[in-house]
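Below: the structure, in structure tokens.
Protein chains: 2
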Amino acid sequence: MLTNDKKILIIGMGLLGGSYAEGLTDAGYYVGGLDVDKEAIRYAYDKGIITSGDTVVRKQFVEMFDIVVFAVYPKVMIEWLKKYQSFIKPGALITDVTGVKGWLINELNSFLRTDVEFVGAHPMAGREVGGVKNSTKEMFKEANFIITPTIKTTLTGMSTVRDIAEVLEFKNITTLSVEEHDEMIGFLSQLTHCIAVTLMTCKESSDLVEYTGDSFRDLTRIAKINENMWSELFLLNKEELLNQMNLFLKQFNELKETIENDDVEKMKDIMRLSTIRRSYFDR
Amino acid sequence: MLTNDKKILIIGMGLLGGSYAEGLTDAGYYVGGLDVDKEAIRYAYDKGIITSGDTVVRKQFVEMFDIVVFAVYPKVMIEWLKKYQSFIKPGALITDVTGVKGWLINELNSFLRTDVEFVGAHPMAGREVGGVKNSTKEMFKEANFIITPTIKTTLTGMSTVRDIAEVLEFKNITTLSVEEHDEMIGFLSQLTHCIAVTLMTCKESSDLVEYTGDSFRDLTRIAKINENMWSELFLLNKEELLNQMNLFLKQFNELKETIENDDVEKMKDIMRLSTIRRSYFDR
Chain A
0 MLTNDKKILI IGMGLLGGSY AEGLTDAGYY VGGLDVDKEA IRYAYDKGII
50 TSGDTVVRKQ FVEMFDIVVF AVYPKVMIEW LKKYQSFIKP GALITDVTGV
100 KGWLINELNS FLRTDVEFVG AHPMAGREVG GVKNSTKEMF KEANFIITPT
150 IKTTLTGMST VRDIAEVLEF KNITTLSVEE HDEMIGFLSQ LTHCIAVTLM
200 TCKESSDLVE YTGDSFRDLT RIAKINENMW SELFLLNKEE LLNQMNLFLK
250 QFNELKETIE NDDVEKMKDI MRLSTIRRSY FDR
Chain B
0 MLTNDKKILI IGMGLLGGSY AEGLTDAGYY VGGLDVDKEA IRYAYDKGII
50 TSGDTVVRKQ FVEMFDIVVF AVYPKVMIEW LKKYQSFIKP GALITDVTGV
100 KGWLINELNS FLRTDVEFVG AHPMAGREVG GVKNSTKEMF KEANFIITPT
150 IKTTLTGMST VRDIAEVLEF KNITTLSVEE HDEMIGFLSQ LTHCIAVTLM
200 TCKESSDLVE YTGDSFRDLT RIAKINENMW SELFLLNKEE LLNQMNLFLK
250 QFNELKETIE NDDVEKMKDI MRLSTIRRSY FDR
């Protein structure tokens, strides 16, 4: 349970970390921040979204906190814990915000102290701009929050993470298994980014700007991409992403064949299925 | 020139035909309508967007008009002209709204009377809903209008079609060669529809609705597709569309290889190029 006396440490004071800090501070919690970037910590402190912060990892600071939220890239999180997990208070709850879960939990299982608990979470929120200066708790209001429990997850750990999501006012809080989560992300998020990037890079198209309607803009909005974050996420979910890419390729080639063969009836069948399926996604 | 005394016949009283009719009638032109659907003609007449209309093709009616706008599928247009072109007034200007031009102009070159002139046009406007009841001239305000002249196009024909676009208040009026147009449409419009349809049909995804963020919705918005219109458009621009599909496939497979081979540097290069190119499309 996320009782009022719980102190929360946020590691990584970027867009997501800053937005968590704002939401939790506004709800009355004691929030600390850690980031190597002095400017980010200063900004968060001046804005009043953290009560204390540091740019160096110190035991006396880290051990104050009951809950530790990692708002950094998955590999940074693992490296941090390998170095500093001994600083964390026994019984503390650890959670995260990353978009890959299988890889992360495998890693954690191999070395995480058994007197702390990790409960994975994926707040499906983001903006086209990053950094603490663009952070805002408002971005959670329309977003999904997914918790990915495992057989080791306790009821207390689960309910604490759920409470965090409720305090942050996520629109929808659900749970998925680690495997379901990674498949879903491979399809809905990673495959769509691969498609957008491909469409944007498969030919020089700047001369087409003036003819571009909404379709092309819609399909390439996410082609502006943070290459450091996404290359890491792609490779940490490699197997699932390749599965989803192959599914897409198979169907794309099938559609292509109907065009090559003037197979109007099959083409129309595919289009009708597409129309029906898309209608489930209207809102 | 589109002088005020010009009478304009619109063949096909659907979404585009109705919107043309509204815009031209509101600007003071005499607009007639032809459609096999009695309800559509009655609706357009009752709404006051046509002055006269018919559901049967009669010489006395057709020969009244100086300008004939085909707002029907390309094949329907060709069939209509083959049957009824003798009804059209000598010297009349013929234009269209279809998204394929090479095929259409090849066909017309083989049989169209030499005492009438065809000037191809492509108003890049549409809505997710069809039919005259959803027509509105408002949909042109943010849209591009492309004229596709050939070596046979006269200055008069060209300026008349440009005037129509201006009266309809298109945001942007440009010209492209037939080949440039069909390549551009193959890439920006047809390929994007193929991708959206493929993404929507490559796997059963209705259980993912609640996890879907904006990315997947953006990429599949156009996956609700009119199978009769689009299968015809795809096949009439077959060669160009297949070219564009192959370009996309080549690049998609290249991105896939970087994932398979853990080639982070090349993956980041592709993503950086994508980010730079997409920035040209911001507005």
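Heads up: the protein sequence lines correspond to chains A and B, in order. Be aware that the first sequence starts at 0, since it is given in my numbering, and climbs by one per residue. Be aware that the second sequence starts at 0, since it is given in my numbering, and climbs by one per residue. Ideal placement from N, C-alpha and C gives every residue a C-beta, glycine not left out.
From the options, residue whose alpha carbon lies closest to that of residue i
{"i": "residue 160(B)", "options": "146(B), 63(B) and 168(B)", "result": "146(B)"}
{"i": "residue 168(A)", "options": "185(A), 133(A), 140(A) and 6(A)", "result": "140(A)"}
{"i": "residue 59(B)", "options": "86(B), 67(B) and 44(B)", "result": "86(B)"}
{"i": "residue 68(A)", "options": "37(A), 248(A) and 5(A)", "result": "5(A)"}
{"i": "residue 61(B)", "options": "42(B), 2(B) and 83(B)", "result": "83(B)"}
{"i": "residue 127(A)", "options": "224(A), 101(A) and 89(A)", "result": "224(A)"}
{"i": "residue 114(A)", "options": "125(A), 137(A), 148(A) and 65(A)", "result": "65(A)"}
{"i": "residue 304(B)", "options": "47(B), 8(B), 9(B) and 3(B)", "result": "Coverage of chain B is limited to positions 0 through 282, which leaves residue 304(B) absent and any answer about it impossible."}
{"i": "residue 191(A)", "options": "217(B), 210(B), 209(B) and 192(B)", "result": "217(B)"}
{"i": "residue 248(A)", "options": "196(B), 165(B), 51(B) and 270(B)", "result": "196(B)"}
{"i": "residue 235(B)", "options": "230(A), 213(A), 215(A) and 259(A)", "result": "259(A)"}
{"i": "residue 170(B)", "options": "210(A), 129(A), 90(A) and 267(A)", "result": "210(A)"}
{"i": "residue 1(A)", "options": "163(A), 52(A) and 205(A)", "result": "163(A)"}
{"i": "residue 131(B)", "options": "45(B), 251(B) and 213(B)", "result": "45(B)"}
{"i": "residue 70(A)", "options": "233(A), 256(A) and 129(A)", "result": "129(A)"}
{"i": "residue 226(A)", "options": "78(B), 194(B), 272(B) and 226(B)", "result": "272(B)"}
{"i": "residue 124(B)", "options": "144(B), 54(B) and 133(B)", "result": "144(B)"}
{"i": "residue 107(B)", "options": "76(B), 165(B), 256(B) and 230(B)", "result": "76(B)"}
{"i": "residue 214(B)", "options": "90(A), 51(A), 133(A) and 280(A)", "result": "280(A)"}
{"i": "residue 232(B)", "options": "237(A), 230(A), 138(A) and 263(A)", "result": "263(A)"}
{"i": "residue 154(B)", "options": "116(B), 274(B) and 121(B)", "result": "116(B)"}
Contact with chain A by residue i, beta-carbon distance below 9 Å
{"i": "residue 183(B)", "result": "yes"}
{"i": "residue 263(B)", "result": "yes"}
{"i": "residue 212(B)", "result": "yes"}
{"i": "residue 41(B)", "result": "no"}
{"i": "residue 161(B)", "result": "no"}
{"i": "residue 102(B)", "result": "no"}
{"i": "residue 233(B)", "result": "yes"}
{"i": "residue 266(B)", "result": "yes"}
{"i": "residue 215(B)", "result": "yes"}
{"i": "residue 137(B)", "result": "no"}
{"i": "residue 164(B)", "result": "no"}
{"i": "residue 259(B)", "result": "yes"}
{"i": "residue 18(B)", "result": "no"}
{"i": "residue 202(B)", "result": "yes"}
{"i": "residue 247(B)", "result": "yes"}
{"i": "residue 147(B)", "result": "no"}
{"i": "residue 74(B)", "result": "no"}
{"i": "residue 209(B)", "result": "yes"}
{"i": "residue 133(B)", "result": "no"}
{"i": "residue 79(B)", "result": "no"}
{"i": "residue 62(B)", "result": "no"}
Sequence-distant residues of its chain with Cβ nearer than 6 Å to residue i (five each side left out)
{"i": "residue 184(A)", "result": "98"}
{"i": "residue 136(B)", "result": "18, 21 and 22"}
Own chain residues within Cβ distance below 7 Å of residue i, not counting five before or after
{"i": "residue 199(A)", "result": "219 and 222"}
{"i": "residue 118(A)", "result": "92, 94, 146, 148, 152, 156, 157 and 160"}
{"i": "residue 276(A)", "result": "none"}
{"i": "residue 328(B)", "result": "Examination of residue 328(B) is not possible in this model, given that chain B is present from 0 through 282 alone."}
Short CB-CB distance (under 9 Å) between residue i and chain B
{"i": "residue 250(A)", "result": "yes"}
{"i": "residue 274(A)", "result": "yes"}
{"i": "residue 195(A)", "result": "yes"}
{"i": "residue 221(A)", "result": "yes"}
{"i": "residue 142(A)", "result": "yes"}
{"i": "residue 199(A)", "result": "yes"}
{"i": "residue 173(A)", "result": "yes"}
{"i": "residue 191(A)", "result": "yes"}
{"i": "residue 278(A)", "result": "yes"}
{"i": "residue 187(A)", "result": "yes"}
{"i": "residue 226(A)", "result": "yes"}
Contact set for residue i: own chain, Cβ-Cβ below 8 Å, skip 5 residues either direction
{"i": "residue 105(B)", "result": "none"}
{"i": "residue 228(B)", "result": "72"}
{"i": "residue 63(B)", "result": "6, 8, 31 and 88"}
{"i": "residue 103(A)", "result": "73, 76, 77, 95, 97, 119 and 235"}
{"i": "residue 254(B)", "result": "266 and 269"}
Mind listing, in chain order, the continuous alpha helix (DSSP H) runs of no fewer than 4 residues lying wholly within the stretch 184 to 236 of chain A?
-> 191 to 200, 213 to 219 and 226 to 235
Curious, which full-length alpha helix (DSSP H) runs of at least 4 residues does the stretch 23 to 55 of chain B contain?
-> 37 to 45
Counting Cβ pairs, one atom from each stretch, are 3 or more of them under 8 Å apart for the stretch 232 to 252 of chain A and the stretch 170 to 190 of chain A?
-> yes
Should the stretch 32 to 44 of chain A be called in touch with the stretch 94 to 114 of chain A, which here means at least 3 C-beta pairs below 8 Å?
-> no
Can at least three beta-carbon pairs, one atom from the stretch 5 to 23 of chain A and one from the stretch 38 to 58 of chain A, be found at a separation below 8 Å?
-> yes
Complete runs of the beta strand (DSSP E) confined to the stretch 106 to 164 of chain B [at least 3 residues] = 116 to 123 and 143 to 147
Are there three or more Cβ pairs, one per stretch, closer than 8 Å when the stretch 171 to 178 of chain A is compared with the stretch 189 to 204 of chain B?
-> no
Unbroken stretches of the alpha helix (DSSP H), 4 residues or longer, contained in the stretch 84 to 108 of chain A = none
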